[in-house]
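>
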Amino acid sequence: MLVYIVRRFAGMMVVMLLVAMVVFLIARVVPGDPAAVMLGSSATPEDIAALRGRLGLDEPLLTQFLLYLGQIVRFDLGDSIFLNRPVVQALAERSELTGLLTMMSVGIAMLIGVPVGILSAAKRGGLVDQTAVGLAMLAASIPSFWIGLTLIKYLAVDHAWFPVAGYGPPDADLLERMRHLVLPAIALGIPNSALILRFTRTSMLDVMSHDYVRTARAKGLPPLVVVLKHALRNAMIPILTVIGLTTAVMIAGAIVTETVFGLPGVGNLIVSAVLRRDYPVIQGALLVVSAIYVLINLTVDLLYAVVDPRVRY
Amino acid sequence: MTGITRRLFNTALGTTLAAGGLSTGILGSWTTPAQAQQGGVSVVTVATIGEPPTLDPVGTTSDLVSIITQHMFETLFTFDGDWKLAPLVASALPQVSVDGKTYTIPLRSGVTFHDGSTVTVDDVVASLDHWTKASPRGKTVAPLVESIAAKGADAVVIALKEPFAPLTALLAMNNGAAAIVPKSVIDGPGALKSLIGTGPYKLLEHKPDQYIRLVRHDAYASPAGTPSGYAGSRKATIGEVRFVPVPNAATRVSGVLAGQYQFADSLPAETLPRIKDAAGVKPVIVKPFGFPLMIMNTKTGVMANPKVRQAVLAALDPNDMLLAGFGDPEFVQAEGSIYAQGTPFYDAASAKPYSDHASGKAADLLKAAGYKGEPIRIMTSVQYEFLYKMSMVAQAQLELAGFKVDLQVLDWATLLQRRGDDKGWDAFFTYHTFVPEPSLITVLNPSYPGWWDSPAKREALAAFNREMDPAARKAKWVTLQSLFYSEVPSIKVGEFYNLAASSDKLTGYTPTPWPFFWNTDLKG
């Protein structure tokens, strides 16, 4: 397994290099200028040109790319043009929120998706199954921003049970900050729970049609033991895959939810950086997010071996 | 179930239950959404449209920047409630020599910076010098400046090469501001080394995309006089003003309705009924606020022909565009005068062509111009929804009059970059916030994209800028506005107003284009 992990890490380095190149080129090819955004709409072309010079944006593209590669090799992601701080610091400041939000929303998605998916498969074709599938279709179809705005209206504005937006006041403790994430976590968790539910149901149905499950039933084992002990374990690989992918996507993919709830997370940072053309932040954030994505995939692959003894690396 | 699988299952189950359990615990710890009092300090939380690009008030003309930084930085002069000049760090209005070329500005004594040091004449001279090098506004003045020097310990003298009447208004603006800062924080034409000013609030903490905390400057030395607009005495009763970037307008509305924010800026017009009906919140409508503009490229391409631009003016119906952009007639006015009714430079007669729109007239003008169906490239952006909606109406009306239109929908950053290239576009949509001095209007700047710089305009603008007498200035402004409507460098679509919302608990607030929170208080 060690050899496998080393090989995957080597592959990861190649992927990271490709990501760095692609992100650098896309950021520069897309029109737009951080100097123009920074100076405001009244700025003249002369003002913009002067600021571009001070920011080093007038250097040839190749020079800029080589400087950027040099930084990456030194594990330095550069400094943000707008935020007056290193990109690493900007990412670190947002990682707590993003980490908590991801954990809470994946938790909610799993709490709903896995048990209901199992129940739905166990009661295939029945009222419970049809209702669950119908609700899952509905949940997957509703955009998370609509769920977010609806939650804000009823639970924050009308009843004041939760805050509308933000990540709490400066002196807020962890619990207070998590309270600010409850509604966003629900808004993100519900559509993802539908995905997990459908994967769980399909995977369980597939497994439950196998001979060994029939044998287990024929032995007279209680249905709960058949489902949870014999079927679920073998159905876990696709479920783990989808949970892993959901987690990875949420790290930077909660952009809409973060915007609706005014949350300064990693997704928000990336969107702001794109709108401002803050090249170092775009490049650094996407590089880190890609690394996390690859790492989560690696973790899921390693978990396959834990869940399924037939899988060996 | 094997040990490993059980552990895996327990972990998964534990995570989900932990999330649910924490949610329950969190809900149980609920107190109150409003953060109006923290540690005995009154806090006003203001929801703004986003994160400002910088907190340096000198180098940018961004309104969002000035809304925040005007609490921290002060200029020599400011504007009162009637948009007349008033002293701020200066002790009085300047003494101007008979030839209009020398301004002697007396300074208020005892004014302190946030670092505790006292403002000296050297600081003021250095600040003004920095302004002429770093500010887009200051740079327009720089070629006219002969010298900036101290006169004793309590006055500054600005000597000009020729009379320039807008100087004092430029010195009073809170964006691209001639902010008075310690000489030690100035480091060339770049950004200030440290954000130290003389304002009633000082910077405590800035967490980008999260909040900007300004706290009371206890040693603040206020100017004298009854408060009026930005002028008069300033009292920082609120202990902390906290600006929170909330880019989503619906969230700003919900936040102020729920009591999480005490003030929310730039709200959609359609939310007015909701704000009116809500308890504990009142709407704030700011008039005058701004005017949308369709800027045309007078330098290159088909729009360089004035007759084509006149045809555009004739083709557009501003009423339709304004209603499409804002929806509610309460927030717009089809007003051709560049300055709205009730302001000193208002003039309806010279703006008459604004309302002479007719597609037949436009077609005749196009024929006379020799227009051969070249596509008119109009840039617009969905980031300002009202501009996008207006541009769609403009496209339809222009096509009706015989134009061929290529509407290019871009993000704002792309539009800002592309407009610098005179070969890449024929028109773009933007808006201008109200400015008290006409020469601050961007379209009049020959370097501003659109590049309006005809000999007649150059002469009229120079005459206007040289004129010191207010009545004579008005007459010369009318000449300039007449040229605006005969040469048509841009289309002023009309006036629009800004909707904000304020908590009932926030008292003493004065509606202005750049909201400020000194002289306000929180009750209850």
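If you read the protein sequences in the order shown, they are chains A and B.
Heads up: the first sequence begins at 140 in my numbering, then just goes up one per residue.
Heads up: the second sequence begins at 38 in my numbering, then just goes up one per residue.
Virtual Cβ for every residue (Gly too), placed ideally from N, Cα, C.
On a predicted model such as this, the values are computed, not experimentally measured, just so you know.
In angstroms with no decimal places, state the Cα-to-Cα distance between residue 435 of chain A and residue 383 of chain A.
Rounded to the nearest angstrom, the two C-alpha atoms are 6 Å apart.
> My output table needs one value for residue 505 of chain B: the three-state DSSP class, helix, strand or coil.
Coil, per DSSP.
> Relative to the alpha-carbon of residue 206 of chain B, which residue among B:532, B:507, B:559 has its alpha-carbon at the smallest distance?
Residue B:507 is the option with its Cα nearest to residue 206 of chain B.
> Please report whether the beta-carbon of residue 281 of chain B lies at a distance below 8 Å from any beta-carbon of chain A.
For residue 281 of chain B, the answer is yes, since a Cβ of chain A falls inside 8 Å of its Cβ.
> If we call anything under 8 Å between Cβ atoms a contact, is residue 219 of chain B one with residue 110 of chain B?
No, these two residues do not count as a Cβ contact at 8 Å.
> Taking contact to mean at least 3 C-beta pairs separated by less than 8 Å, is the stretch 329-348 of chain A in contact with the stretch 364-374 of chain A?
Contact holds: three or more Cβ-Cβ distances are below 8 Å.
> Across the stretch 278-294 of chain B and the stretch 497-516 of chain B, are there enough close Cβ pairs to call them in contact, namely three or more that are closer than 8 Å?
No, they do not touch.
> Along the stretch 280-311 of chain A, where does the CB come closer than 8 Å to a CB of chain B? Name the residues.
Within the stretch 280-311 of chain A, the qualifying residues are 288, 291, 292, 295, 296, 299, 300, 301, 302, 303, 304, 305, 306, 308, 309, 310.
> So, is the C-beta of residue 185 of chain A closer than 8 Å to a C-beta in chain B?
At least one chain B Cβ lies under 8 Å of residue 185 of chain A.
> If you draw a straight line from the alpha carbon of residue 361 of chain B to that of residue 429 of chain B, how long is it in whole angstroms?
Approximately 9 Å between the Cα atoms of the pair.
> To which residues does DSSP link residue 319 of chain B through a beta bridge?
Partner(s): B:539.
> Nearest chain A C-beta to residue 448 of chain B closer than 8 Å, yes or no?
Residue 448 of chain B counts as touching chain A.
> Can you tell me which of the three DSSP states residue 246 of chain B falls into?
Three-state DSSP puts residue 246 of chain B in coil, outside helix and strand.
> What three-state label does DSSP hand residue 447 of chain A in the structure shown?
In the structure shown, residue 447 of chain A sits in coil (DSSP, three-state: anything other than H, G, I, E or B).
> Let me make sure I understand the geometry here. Which of B:472, B:516, B:522 has the alpha-carbon closest to that of residue 100 of chain B?
Of the listed residues, the one whose Cα sits closest to residue 100 of chain B is B:472.
> Just the Cα atoms here: how many angstroms apart are residue 117 of chain B and residue 224 of chain A?
Roughly 38 Å between the two C-alpha positions.
> Can you tell me whether residue 492 of chain B is buried or exposed? The criterion is at least 16 other CB atoms within 10 Å of its CB, across all chains shown.
Label assigned to residue 492 of chain B: exposed.
> Which runs of the alpha helix (DSSP H) fall wholly inside the stretch 223-272 of chain B and span at least 4 residues, in chain order?
Entirely contained in the stretch 223-272 of chain B, not one alpha helix (DSSP H) run reaches 4 residues.
> With which residues is residue 416 of chain B paired in a DSSP beta bridge?
DSSP, once it has assigned bridges, lists B:445, B:465 as partnering residue 416 of chain B.
> Just the C-alpha distance for residue 392 of chain B and residue 78 of chain B, rounded to the nearest angstrom, thanks.
Rounded to the nearest angstrom, the two C-alpha atoms are 53 Å apart.
> Taking the alpha-carbon of residue 334 of chain A as reference, which of A:156, A:154, A:432, A:254 has the nearest alpha-carbon?
Out of A:156, A:154, A:432, A:254, A:254 has the C-alpha closest to the C-alpha of residue 334 of chain A.
> Please identify, using Cβ separations under 7 Å, the residues of the stretch 278-311 of chain B that lie next to chain A, in order along the chain.
Residues passing the 7 Å Cβ filter: 281, 283, 284, 285, 287, 288, 291, 292, 294, 295, 297.
> Taking 8 Å as the threshold (beta carbon to beta carbon), is residue 550 of chain B in contact with chain A?
No, residue 550 of chain B does not count as interfacial toward chain A.
> List the residues of chain A whose Cβ lies closer than 9 Å to the Cβ of residue 484 of chain B, in chain order.
Chain A residues near residue 484 of chain B: 183, 184, 185, 186.
> Jot down the residue ranges of each uninterrupted beta strand (DSSP E) in the stretch 107-169 of chain B, minimum 3 residues, whole runs only, in chain order.
Segments of the beta strand (DSSP E) lying fully in the stretch 107-169 of chain B: 114-116, 122-124, 139-143.
> Leaving out five residues before and five after residue 513 of chain B in sequence, what residues of the same chain have Cβ atoms less than 6 Å from its Cβ?
Cβ within range, chain order: 500, 501, 504.
> Is it buried or exposed, residue 469 of chain B, if we count other Cβ atoms within 10 angstroms and call 16 or more buried?
Classification of residue 469 of chain B: buried, given that the 10 Å Cβ count is 16 or more.
> For residue 169 of chain B, which residues in the same chain have their Cβ closer than 8 Å to its Cβ, ignoring the five residues on either side in sequence?
175, 176, 178, 179, 182, 185, listed in sequence order.
> Mind checking which residues open and close the alpha helix (DSSP H) that includes residue 354 of chain A?
Its alpha helix (DSSP H) spans residues 350-357.
> Does the separation of the CB atoms of residue 322 of chain B and residue 543 of chain B fall below 8 Å?
Going by C-beta atoms, residue 322 of chain B is not nearer than 8 Å to residue 543 of chain B.
> Hey, could you find the ends of the beta strand (DSSP E) residue 282 of chain B is sitting in?
Segment 277-282, the beta strand (DSSP E) holding residue 282 of chain B.
> Which same chain residues, not among the five before or five after residue 193 of chain A, have their C-beta less than 7 Å away from its C-beta?
Counting only Cβ-Cβ distances below 7 Å, and skipping sequence neighbours, we find nothing.
> Give the DSSP bridge partners of residue 218 of chain A, in chain order.
Looking at the DSSP assignment, residue 218 of chain A forms a beta bridge with A:225.
> Whole-angstrom Cβ separation of residue 263 of chain A and residue 450 of chain B, contact assumed at under 8 Å?
No, residue 263 of chain A and residue 450 of chain B are not in contact; Cβ-Cβ is about 52 Å, not under 8 Å.
> When DSSP builds the beta bridges, which residues end up paired with residue 186 of chain B?
BP columns for residue 186 of chain B point to B:194.
> What residues match up with residue 529 of chain B in a beta bridge as DSSP calls it?
DSSP, once it has assigned bridges, lists B:330 as partnering residue 529 of chain B.
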